[in-house]
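Encoded as structure tokens, the structure appears first; notes follow it.
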Amino acid sequence: MIEKKLFGKTGHLSTRTLFGAAALGGIDQKIADETLEVLFEWGVNHIDIAASYGNAEDRMKPWMKTHRDKFFLATKTAERTYEGAWKEIENSRCRMGVDVIDLWQMHGLFDPKEWEAAMGPDGALKAFIEAREKGYVRFLGVTGHGMTVSDMHLKSIEKYAFDSILLPWNYVLYQDIEYRKTWEKIVSLATKRNIAVQTIKSLVRRPWGDQKHWADCWYEPFSEEADIQRAVSWILGDERVFLNTVGDVKMLPKVLKAASQHTHRPSDEEMETMVIDQQMQNIFVGNYLN
Numbered sequence: 131m132i133e134k135k136l137f138g139k140t141g142h143l144s145t146r147t148l149f150g151a152a153a154l155g156g157i158d159q160k161i162a163d164e165t166l167e168v169l170f171e172w173g174v175n176h177i178d179i180a181a182s183y184g185n186a187e188d189r190m191k192p193w194m195k196t197h198r199d200k201f202f203l204a205t206k207t208a209e210r211t212y213e214g215a216w217k218e219i220e221n222s223r224c225r226m227g228v229d230v231i232d233l234w235q236m237h238g239l240f241d242p243k244e245w246e247a248a249m250g251p252d253g254a255l256k257a258f259i260e261a262r263e264k265g266y267v268r269f270l271g272v273t274g275h276g277m278t279v280s281d282m283h284l285k286s287i288e289k290y291a292f293d294s295i296l297l298p299w300n301y302v303l304y305q306d307i308e309y310r311k312t313w314e315k316i317v318s319l320a321t322k323r324n325i326a327v328q329t330i331k332s333l334v335r336r337p338w339g340d341q342k343h344w345a346d347c348w349y350e351p352f353s354e355e356a357d358i359q360r361a362v363s364w365i366l367g368d369e370r371v372f373l374n375t376v377g378d379v380k381m382l383p384k385v386l387k388a389a390s391q392h393t394h395r396p397s398d399e400e401m402e403t404m405v406i407d408q409q410m411q412n413i414f415v416g417n418y419l420n
């Protein structure tokens, strides 16, 4: 089974590998139901989803009818206004067939103008606080992508006492000195304040380029088990963080197997060899900036 850890100050003992439910967005209900069995097989008890992940929230509804108590359920909204966010939380509860969502997150909040809108007087934050007061959600978080996300998260947790953050982390990003510095700053502060830290893009190999996409990800992930094991163990080797699984259900068993077999963090020498052998690249620079 996969190691568990308290998810910040929520009090929930979450598996350190969370199910990134973007993987449900483009599949039918039958495959989605089979995916639930994979989660049960490995003991995963935390699901991270978003309103914008295609049909993912709809795919959750049959599961929640009988298994709601087995999962910490998180979703997200990319709406930046009070009205837009409020409509979306109502819609998310309806789509998943639940009264209460454990964690509601501001999705992809890394653009300064969007941040100002979301945190303004009639912004999404107002809806977040109100939803929590009404008991529609229990905890609040913020997520983001790109090379400036750590600085934006610093602003966010100074503005409001969020319960969780989510941001990219992998060995290639670690090699970027400036990103590593800002990442360490936000993670150290989050840890001090008992804010849960979720990581994404841990399985990135490189951008797709012109090749045929063999996985349902917007980047090329690792495919070999040995590489997946190293990438997963490198993340889990930092006891402060959680790992969100890759957005392809076909890869899910390999990622969860790697998480269950994690024993130690690979050395920098091992990782640097993999960077060269696998031609790993930063997907957030140049034409791949997100």
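In the numbering used here, the protein residues as written are 131 to 420. Ideal placement from N, C-alpha and C gives every residue a C-beta, glycine not left out. A quick note: this is a predicted structure, and the numbers were derived from the prediction, not measured.
Spatial distance of residue i from residue j (CA atoms)
i: I177; j: K217; result: 22 Å
i: W313; j: K285; result: 13 Å
i: S80; j: L203; result: Within the shown structure, residues of the chain are numbered from 131 to 420, placing residue 80 beyond reach of any answer.
i: R360; j: P251; result: 45 Å
i: K342; j: G141; result: 43 Å
i: L303; j: I325; result: 22 Å
i: G214; j: Y290; result: 20 Å
i: M194; j: K134; result: 22 Å
i: D357; j: M404; result: 8 Å
i: L233; j: R223; result: 12 Å
i: W172; j: L333; result: 19 Å
i: W348; j: P298; result: 14 Å
i: K384; j: I365; result: 15 Å
i: A186; j: A152; result: 7 Å
i: G339; j: M236; result: 30 Å
i: V174; j: V267; result: 21 Å
i: N420; j: H197; result: Any reading at N420 is ruled out, since the residue's pLDDT is 42, under 50, leaving its predicted position unreliable.
i: V272; j: E399; result: 33 Å
i: E209; j: D188; result: 19 Å
i: W231; j: D368; result: With the sequence shown as reference, residue 231 is identified as Ile, and Trp is not the correct amino acid for it. So the two alpha carbons sit approximately 28 Å from each other.
i: A345; j: L143; result: 31 Å
i: K380; j: L169; result: 13 Å
i: I219; j: V317; result: 28 Å
i: M190; j: L386; result: 20 Å
i: I259; j: T207; result: 14 Å
i: E308; j: Y301; result: 14 Å
Burial state of residue i, where buried means 16 or more other Cβ atoms lie within 10 Å
i: E263; result: exposed
i: R323; result: exposed
i: I330; result: buried
i: Q391; result: exposed
i: L136; result: exposed
i: D378; result: buried
i: G431; result: This structure gives no information on residue 431, because the portion of the chain shown stretches from 131 to 420.
i: H394; result: exposed
Expected contact under 8 Å - CB spacing of residue i and residue j to nearest Å
i: L239; j: G265; result: In fact, because the Cβ distance is near 24 Å, the residues do not count as touching under 8 Å.
i: K256; j: Y212; result: 5 Å
i: G150; j: D293; result: That belief does not hold up - the Cβ atoms of G150 and D293 are roughly 18 Å apart, past 8 Å.
i: T165; j: A181; result: Incorrect: roughly 19 Å between the Cβ atoms, too far for contact.
i: L148; j: F372; result: 6 Å
i: D306; j: N221; result: Their Cβ separation, rounded to whole angstroms, is 37 Å, which puts D306 and N221 out of contact at 8 Å.
i: A389; j: I132; result: 5 Å
i: V327; j: R370; result: 6 Å
i: R335; j: E350; result: 5 Å
Bridge partner(s) assigned by DSSP for residue i
i: V334; result: P351
i: A204; result: D178, L233
i: P383; result: Paired residues: none, contrary to the question.
i: L143; result: L136
i: I295; result: V272, V327
i: F149; result: I177
i: F372; result: Q328
i: G253; result: T211
i: V267; result: I231
In chain order, what are the residue ranges of uninterrupted alpha helix (DSSP H) at least 4 long that sit wholly in the region 297-335? 301-305, 307-322
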